[in-house]
Amino acid sequence: MSKNVYVFGSNLGSQLGNADLDDSYKPVLISAFSNQNVQSVVAGSLHTIALVNNKIYTWGCNDEFALGREGDEDKILEVVLQTRTKSELVGKSAGASHSACLLENGNVYAWGTFRDTSGIIGFDYKTKYQKTPKLIHRNVEKIFITDNVITMLLKTGRIVSYCADLWRDRFKIEIPTRCFKNKPKMKNVQRAKPSQKKIVEISGGDHYMLGITYDGNVKAWGNNFCGQHGNGHKVCCDSPTDIIKIKNIVKVKGGTTHSLFLDNDGNLYGCGENGYGQLSHKEKEFLTPTLVSNNVLDFTTAGLITFVVKEDGVYSCGTNYYGELGHKENGENVCFLNKINFYFGKVVGITCGGSHAIIVVDDK
1 MSKNVYVFGS NLGSQLGNAD LDDSYKPVLI SAFSNQNVQS VVAGSLHTIA LVNNKIYTWG
61 CNDEFALGRE GDEDKILEVV LQTRTKSELV GKSAGASHSA CLLENGNVYA WGTFRDTSGI
121 IGFDYKTKYQ KTPKLIHRNV EKIFITDNVI TMLLKTGRIV SYCADLWRDR FKIEIPTRCF
181 KNKPKMKNVQ RAKPSQKKIV EISGGDHYML GITYDGNVKA WGNNFCGQHG NGHKVCCDSP
241 TDIIKIKNIV KVKGGTTHSL FLDNDGNLYG CGENGYGQLS HKEKEFLTPT LVSNNVLDFT
301 TAGLITFVVK EDGVYSCGTN YYGELGHKEN GENVCFLNKI NFYFGKVVGI TCGGSHAIIV
361 VDDK
């Protein structure tokens, strides 16, 4: 089935797919994907990845090789995977300066580089910039990327991180110099006797992760300075910890310091920081999940922005510096969910980076 892809927001790194465009609050159609089988799209900080006809295409900022290819960064070009055996692409994810994709056979390929507040760390001990896709792990079920971490859920139920150890000092781990894990760090998922406690889906925000268990509960680990774990306090934890206030969750996602949870009845809950209206409430912070909206079909969030899909259209809130919310008032925060004045049709996919958004719709 053919799809249409719309983009809007900042075009600082050509992440809208056309170098001739200025920042745009009005959704712009990507004509290159018209009448194509667009399977999914994901936004990084300044770049975008699309899976179309089982091929990966990238565009946007390529200063640190997050596109995984050579060629003009403002053009939508294919990324070629050098694999020994043919296998379907089933997932991809994008961070600040790196990207990754997952094949049906469980192999994960990654490219780009990692960095911390002091600058570039490198892709691994030997490579500063990984310019093309490189195999980093096998036997993987799910992948998710935050700014500086590639998190992989293995088919065995264990969790693997391939990352810059950016936040070790925040957890009081005494390492005198910057370090980089050039091999994935194995970590067992917390398990109870009932198989329902197994994590089956992973997502997250900046420097923290969220996992959905088999029975629809949620676990969180990592940074929790603003209460984004939703467990009533601001204590960080380095292993999956239960969020007990919500049940029957089907999707989770995090921004810089806030989290969102969608249950199977279409109720969207949020917790963490709300200083820019990204949780669509007056209060500036929530330590436990609070209802954000109902009758929600889908949502996405990143940075300080949130999008909600309903039957009558797409709503957004948060920062709007470059028109990334799809509203005209550039530079002004939108503190409550506000409907975008554009008819998209049936939305089948939505993603956003910190300053741009992409919406995929049925071409009917």
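For the sequence shown, the positions run 1 to 364 when UniProt numbering is used.
From the three backbone atoms N, C-alpha and C, an ideal C-beta is built for every residue, glycine too.
Option nearest residue i by Cα separation, candidates the options
i, options, result
"G13", "F342, F344, T306, D74", "D74"
"N330", "A110, W59, H356", "H356"
"N224", "C352, S10, L210", "L210"
"G204", "D215, K219, D265", "K219"
"P289", "N295, G272, A19", "G272"
"W111", "E88, Q82, E104, N105", "Q82"
"N11", "G353, D22, T132", "D22"
"S316", "G303, I340, V296, A302", "I340"
"S31", "A43, G44, G9, S2", "S2"
"S259", "D215, Q15, G68, Y208", "Y208"
"T156", "V200, G91, F123", "V200"
Coil, strand or helix - residue i by DSSP
i, result
"S280", "coil"
"A32", "helix"
"V235", "coil"
"V5", "strand"
"Y25", "strand"
"P176", "Confidence is the limiting factor: at P176 the pLDDT is only 32, short of 50, which leaves the residue's position unreliable and the question unanswerable from this model."
"D20", "coil"
"residue 370", "Missing from the structure shown is residue 370; the chain here goes from 1 to 364 and no further."
"F65", "coil"
Contacting residues, own chain, Cβ-Cβ under 8 Å from residue i (five flanking each side not counted)
i, result
"Y343", "G313"
"K346", "V361, D362, K364"
"I350", "D298, F299, T300, F307, V309, V314, A357, I358, I359, V360"
"R115", "E64, A96, S97, I121, N148, A164"
"E70", "K131"
Same chain, Cβ closer than 6 Å to residue i, five either side skipped, listed in chain order
i, result
"I333", "The question names Ile, but residue 333 is Asn in the sequence shown. Here the set comprises Y276, G277, T319."
"I120", "T113"
"N37", "N53"
"D147", "G95, A96, D206"
"Y57", "A50, I76, E78"
"N105", "S87"
Within 8 Å, strictly: CB atoms of residue i and residue j
i, j, result
"C226", "E285", "yes"
"A100", "I150", "yes"
"G266", "N248", "no"
"Y25", "K328", "yes"
"A66", "G44", "yes"
Whole-Å CB distance - residue i paired with residue j, under 8 Å assumed
i, j, result
"V41", "V28", "Not confirmed; about 14 Å, so no contact."
"L325", "S280", "Contact flag wrong, Cβ pair sits at about 12 Å."
"V292", "Y269", "6 Å"
"N217", "D242", "6 Å"
"V108", "I145", "Not a contact, Cβ separation roughly 11 Å."
"K245", "G230", "7 Å"
7 Å Cβ shell around residue i - same chain, five flanking residues per side excluded
i, result
"L154", "N139, V140, E141, V160"
"C335", "G277, C317"
"G354", "S45, A302, G303"
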